Amino acid sequence: EEQLEEQPQQSLSTDAVFASTQDLETALTGAYNAAQQSDFMGCNMSFVGDIMADNGAWRGSFPSMIDISRHAITSDNGEIAGLWRNSYRAINDVNLVLEAIPNITDAAIADAGPRIRGEGLFLRGMAYFEMVRFYGKPWGGSSTSGLGVPIVTMGTSTSGDVVFPSRATVAEVYAQAVSDFTEAASLLPDANGSGRATRFAALAY
1 EEQLEEQPQQ SLSTDAVFAS TQDLETALTG AYNAAQQSDF MGCNMSFVGD IMADNGAWRG
61 SFPSMIDISR HAITSDNGEI AGLWRNSYRA INDVNLVLEA IPNITDAAIA DAGPRIRGEG
121 LFLRGMAYFE MVRFYGKPWG GSSTSGLGVP IVTMGTSTSG DVVFPSRATV AEVYAQAVSD
181 FTEAASLLPD ANGSGRATRF AALAY
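Numbering-wise (the working numbering), the sequence shown opens with residue 1 and increments by one.
Shown next, in the form of structure tokens:
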């Protein structure tokens, strides 16, 4: 009977998910995982750009990649849709972590909180920086007032909270990325765990 009445692990409330510093660390790892997916920074962010710029050639049979190599990308292209989806998944994961930090009261948060916030801001800044260069025109002149990508800084934990904001300008997206990197650099350590953001990574971006 007790097993049948267990709280569903797939539908935990945000308060239950973010109850401790360790929960934040776990969620932050999830954000890193979203960022390293092949549809985002793990492959397509650089791979697709190289193909479109003729720095690489596609010799496979995937229709979505053939369209990209021919510069005939449609709105339902799976590679581009996946890149967009995973970018915002990583951003949303980060936003949820950032919003949860002030609510954590265990002793570990005093030491870990600033670093966790810094890593989250780094990931979000990276996502916006890379996305605006991919979906917007290059920085310079009148292009800065052109459309970039939507800026979302609030987390979404249920489908009912999903919003569809308009695209921000290229300048606005760069400003968001710079703001995230600047604060991240003030919070991150000079050295961090393997594969994790550092102060120098934020400064480099």
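Just so you know, even glycine gets a beta-carbon here, dropped at the ideal spot from N, CA and C.
Remember, it's a predicted structure, so these values are computed and weren't measured experimentally.
DSSP beta-bridge partners of residue i
{"i": "T169", "result": "L147"}
Secondary structure of residue i, DSSP reduced to three states
{"i": "D54", "result": "coil"}
{"i": "P138", "result": "coil"}
{"i": "T158", "result": "coil"}
{"i": "L123", "result": "helix"}
{"i": "P102", "result": "helix"}
{"i": "R133", "result": "helix"}
{"i": "D190", "result": "coil"}
{"i": "R70", "result": "coil"}
{"i": "A108", "result": "coil"}
{"i": "S179", "result": "helix"}
{"i": "S38", "result": "coil"}
{"i": "G49", "result": "helix"}
{"i": "D76", "result": "coil"}
{"i": "V97", "result": "helix"}
{"i": "R59", "result": "coil"}
{"i": "G195", "result": "coil"}
Where the alpha helix (DSSP H) through residue i begins and ends
{"i": "A216", "result": "Given that the chain is displayed from residue 1 to residue 205, the structure contains no residue 216 and the question cannot be resolved."}
{"i": "T29", "result": "T21 to A35"}
{"i": "V17", "result": "T14 to V17"}
Expected contact under 8 angstroms - CB spacing of residue i and residue j to nearest Å
{"i": "V170", "j": "S143", "result": "6 angstroms"}
{"i": "A97", "j": "I116", "result": "Note on residue identity: the sequence assigns Val, not Ala, to residue 97. About 7 angstroms; that satisfies the 8 angstroms criterion."}
{"i": "L24", "j": "E119", "result": "That pair is no contact at about 10 angstroms."}
{"i": "V94", "j": "A191", "result": "Between A191 and V94 the Cβ distance is about 22 angstroms, and since that is not below 8 angstroms, they are no contact."}
{"i": "G148", "j": "V173", "result": "4 angstroms"}
{"i": "T14", "j": "S157", "result": "5 angstroms"}
{"i": "P138", "j": "V152", "result": "Contact flag wrong, Cβ pair sits at about 23 angstroms."}
{"i": "A90", "j": "A35", "result": "4 angstroms"}
{"i": "E99", "j": "G155", "result": "5 angstroms"}
{"i": "G82", "j": "I101", "result": "That belief does not hold up - the Cβ atoms of G82 and I101 are roughly 29 angstroms apart, past 8 angstroms."}
Distance cut-off 7 angstroms: residue i Cβ against heavy atoms of the ligand MG
{"i": "N192", "result": "Among the components of this structure there are no ligands whatsoever, and the ligand MG is therefore not found."}
Interface flag, residue i vs chain C, CB-CB below 8 angstroms
{"i": "A35", "result": "Of the protein chains in this structure there is only one, and it is not chain C."}
Touch test, the region 64-84 against the region 117-129, Cβ-Cβ under 8 angstroms, three pairs minimum: Taking one beta carbon from each stretch, the region 64-84 and the region 117-129 have fewer than 3 pairs nearer than 8 angstroms; the two do not touch.
The region 93-113 touching the region 38-51, judged by at least three CB pairs closer than 8 angstroms: Contact fails: fewer than three Cβ-Cβ distances are below 8 angstroms.
Tell me, please, whether the region 32-42 touches the region 73-92 by the rule of three or more beta-carbon pairs shorter than 8 angstroms. Taking one beta carbon from each stretch, the region 32-42 and the region 73-92 have 3 or more pairs nearer than 8 angstroms; the two touch.
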